[in-house]
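K.L.:
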Amino acid sequence: MQALIRDALGKLDEDKRLVFALKVFQQQSYEEIALITGFSIAKLKTDLHRARAEMRRLLRPYLEVSDEMS
Numbered sequence: 007m008q009a010l011i012r013d014a015l016g017k018l019d020e021d022k023r024l025v026f027a028l029k030v031f032q033q034q035s036y037e038e039i040a041l042i043t044g045f046s047i048a049k050l051k052t053d054l055h056r057a058r059a060e061m062r063r064l065l066r067p068y069l070e071v072s073d074e075m076s
């Protein structure tokens, strides 16, 4: 599963991948991410929303197969 997540992350553009990683994996606040990246909080929220949607889309086929097998 880690390889699938890594592959999906690699398909995100650089900004979305960075914001997603800082928010989801490192649990940084929007304010902290804004300081790190220089992005506005509005951009962070938009990028995170789009990154989550893209990750769901990319991983959905694998998650549905896992659910059917259990």
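All residue numbers in the sequence shown are consecutive under my numbering, ending with 76.
All residues carry an ideal CB built from backbone N, CA and C; glycine is no exception.
(1) If I measure Cβ to Cβ from Val25 and keep anything under 8 Å in the same chain, skipping five residues before and after, which residues do I get?
(2) Does DSSP classify Gly44 as helix, strand or coil?
(3) Could you tell me the alpha carbon to alpha carbon distance between Leu41 and Asp19, rounded to whole angstroms?
(4) What three-state label does DSSP hand Asp19 in the structure shown?
(5) Quick check on the burial criterion: 16 or more other C-beta atoms within 10 angstroms. Buried or exposed for Leu28?
(6) In whole angstroms, give me the CA-to-CA distance for Ser35 and Ala48.
P.N.:
Well, looking at it:
(1) Walking along the sequence shown from the start, residue 25 turns up at place 19. Same-chain partners within the cutoff: Ile39, Thr43, Phe45, Leu50, Asp53, Leu54 and Ala57.
(2) Position 38 of the sequence shown, counted from the first residue, corresponds to residue 44. DSSP places Gly44 in coil when its eight states are reduced to three.
(3) Translated into positions along the sequence shown, residue 41 becomes position 35. Translated into positions along the sequence shown, residue 19 becomes position 13. In this structure, the alpha-carbon of Leu41 lies about 20 Å from that of Asp19.
(4) If you number the sequence shown from 1, residue 19 lands on position 13. Reduced to three states, the DSSP call for Asp19 is coil.
(5) Start at 1 with the first residue of the sequence shown, and residue 28 comes out as number 22. Classification for Leu28: buried.
(6) Along the sequence shown, one-based indexing puts residue 35 at 29. Along the sequence shown, one-based indexing puts residue 48 at 42. Spanning the two alpha carbons is a distance of roughly 13 Å.
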